[in-house]
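Note sheet for the following structure.
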Amino acid sequence: MRSPTPSPAGLPVVSLTASKRKLTLVVLGCAAFAVVGAFMLASDPNLYEAVIAVAAIVFFGGGGIFFLIKAPRAGAVLVMTLDGFTVWSGGFVPWVDLESVGIARASRAKVVGFRLRSYDSYIASLTGRVTAGQLAWARQHTGGYDLTLPALLFDRPASRVVTAVEEYYAAWAAQADDHGERRPED
438 MRSPTPSPAG
448 LPVVSLTASK
458 RKLTLVVLGC
468 AAFAVVGAFM
478 LASDPNLYEA
488 VIAVAAIVFF
498 GGGGIFFLIK
508 APRAGAVLVM
518 TLDGFTVWSG
528 GFVPWVDLES
538 VGIARASRAK
548 VVGFRLRSYD
558 SYIASLTGRV
568 TAGQLAWARQ
578 HTGGYDLTLP
588 ALLFDRPASR
598 VVTAVEEYYA
608 AWAAQADDHG
618 ERRPED
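Positions 438 to 623 (the numbering used here) are the ones given, in order, by the sequence shown.
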């Protein structure tokens, strides 16, 4: 985690960072399977082996390239500020819109999930890339969470990510109460 920088209202800005080791292992694993597929294809395969080889090249090679393009660049996967949090893939969620945070599984992969009270601010911050229907679909398929981040991205266990978000939310809520600001009913 980067050193917290105080925000004007006193809460620090907290960045939960990506695990460079985990990201490197994912990319190396994809590259290894793509290379194996290329060797299979170059070794005069029968039809079945050729299909498997092409699938390995497309899935792992393409997946690895896609992952490299989409992986967090600055190292921050989740940045929490007094106003809300921003995720590495884009999008801002105000604290007032956060209903819960937890751990779920999406296609057998562990994810950190965020359930939102309202989609409006998050969708507005994405410049039209995501619709309310897509978030509702995600909620049905990820244990009730609208927004998910792969747990393997973080430099700490998913349970510690959830704890960090819950603690920051509690600090924000206490500060909102102290200043008479709008806060959702729990």
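Don't be surprised by glycine CBs; every beta carbon is placed ideally from N, CA and C.
- Residue 544 carries a coil assignment under DSSP once its states are collapsed to helix, strand and coil.
- Of the candidates 467, 473 and 519, 519 places its Cα closest to the Cα of residue 532.
- For residue 504 against residue 515, the beta-carbon gap comes to about 18 Å, at or over 8 Å, which does not count as contact.
- With a 10 Å radius around the Cβ and a threshold of 16 neighbouring Cβ atoms, residue 609 comes out buried.
- Fully enclosed alpha helix (DSSP H) runs of no fewer than 4 residues occupy 557 to 562 and 569 to 578 of the region 511 to 595, in order along the chain.
- Sequence-distant partners of residue 528 (beyond 5 residues in either direction) whose C-beta falls short of 6 Å from its own C-beta, in its chain, are 559, 562 and 563.
- Rounded to the nearest angstrom, the gap between the Cα atoms of residue 472 and residue 554 is 45 Å.
- Residue 484 counts as exposed, since fewer than 16 other C-beta atoms from the protein chains shown sit within 10 angstroms of its C-beta.
- For the pair of segments examined, the region 461 to 475 was found to touch the region 491 to 505: the number of CB pairs separated by less than 8 Å reaches three.
- Shown here for residue 556: same chain residues with a beta carbon closer than 6 Å to its own, the five before and five after excluded, namely 569 and 572 in chain order.
- Here residue 455 is buried. Its C-beta has 16 or more other C-beta atoms within 10 Å.
- Boundaries around residue 451 are those of the beta strand (DSSP E), 449 to 454, since no alpha helix (DSSP H) includes it.
- Per DSSP, residue 489 is one residue of the alpha helix (DSSP H) stretching across 484 to 493.
- For residue 497, there is no enclosing alpha helix (DSSP H), as DSSP gives it neither H nor E.
- If you draw a 10 Å sphere on the C-beta of residue 585, you find 16 or more other C-beta atoms in it, and that means buried.
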